[in-house]
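One structure below.
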Amino acid sequence: MADFAALFLTDLVLGLLLGCVLAVIAHGLNIIWGVAKVVNIAHGEFIMLGAYGAYFLYLYAGFNPLLSVPIDAAIGLAVGVGFYFGFLHRELRGKESMGLQSELVTLVSTFGLSLVIVNVAQSIWEHPVGILWSPGSAQIGPVLVPFGGLYVAVVSVALIALTDLFLTRTYLGNAIRAYTQDIPATQL
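Using numbering that gives the first Met the number 0, the first residue of the sequence shown is number 0, and each one after it goes up by one.
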């Protein structure tokens, strides 16, 4: 029975750590939908590209995977903005008043982007990549807590808090929130 309790508590902690990551992903999807009305089916694939970016920076440049996150985020931002302004913005021009049609364009476009990213990734990386680097773990009572998961959870909570502060306490954040609530009024 003690083994079951230890296993249950460990799984509970790991589930909470994973939940923090999923909360950041959901937060990003929510902001993309709220601001740009883009149904981003490729959101997970951008996260996968960031993970592979950290993998390659570690493997070929010796970067600590935890410290490569800002570099990966900048690359992901550049790819996302490039896709939006290179393709979606052109397709959506003048379709704001068409309602469902613009959302359908983004849905189909990001689904296509998702397929392209997945297939390119599968052709480049044929085999799954194992864990190359781990900062270790700590035994707290019967629970084994990985430091990497703890780091990611802390960063996730910090990102959500900083995003909330940005959106509620800055002029630009208030402008973004106003835009999502009443687009015609903010265009005056």
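Each residue gets a CB set at the ideal place from its N, CA and C atoms; glycine is no exception. Predicted model, so just to flag it, every value in this text is computed and none were measured.
(message) Determine whether the beta carbon atoms of residue 22 and residue 155 lie at a separation below 9 Å.
(response) Mapped onto the sequence shown, residue 22 falls at position 23. Mapped onto the sequence shown, residue 155 falls at position 156. For residue 22 and residue 155, yes; Cβs fall inside 9 Å.
(request) Could you name each continuous beta strand (DSSP E) segment of 3 residues or more that falls completely within the stretch 99–161, going from the start of the chain to the end? (result) 136–139, 142–145
(request) Determine the closest residue to residue 17 out of 157, 148, 137, 80, with distance taken between C-alpha atoms. (result) Residue mapping note: residue 17 aligns to position 18 of the sequence shown, counting from 1. Nearest of 157, 148, 137, 80 to residue 17, Cα basis: 148.
(request) Work out the CA separation of residue 176 and residue 168 for me, nearest whole Å. (result) Taking the first residue of the sequence shown as 1, we reach residue 168 at position 169. Taking the first residue of the sequence shown as 1, we reach residue 176 at position 177. Whole-angstrom Cα-Cα distance: 11 Å.
(request) Express the C-alpha separation of residue 27 and residue 163 in angstroms, rounding to a whole number. (result) Taking the first residue of the sequence shown as 1, we reach residue 163 at position 164. Taking the first residue of the sequence shown as 1, we reach residue 27 at position 28. For the pair residue 163 and residue 27, the Cα-to-Cα distance works out to about 12 Å.
(message) Checking 9 Å against the spacing of the C-beta atoms, do residue 34 and residue 178 come in under that value?
(response) Here residue 34 is taken as the residue at index 35 of the sequence shown, counted from 1. Here residue 178 is taken as the residue at index 179 of the sequence shown, counted from 1. Yes, these two residues count as a Cβ contact at 9 Å.
(message) Our contact map puts residue 40 next to residue 101 with C-beta atoms below 8 Å; I'd like the distance itself, whole angstroms only.
(response) In the sequence shown, residue 40 corresponds to position 41, counting from 1. In the sequence shown, residue 101 corresponds to position 102, counting from 1. Contact flag wrong, Cβ pair sits at about 15 Å.
(request) Look at the alpha carbon of residue 70 and the alpha carbon of residue 30, and state the distance between them as a whole number of angstroms. (result) As a position in the sequence shown, residue 70 is number 71, starting the count at 1. As a position in the sequence shown, residue 30 is number 31, starting the count at 1. Those two C-alpha atoms are separated by around 21 Å.
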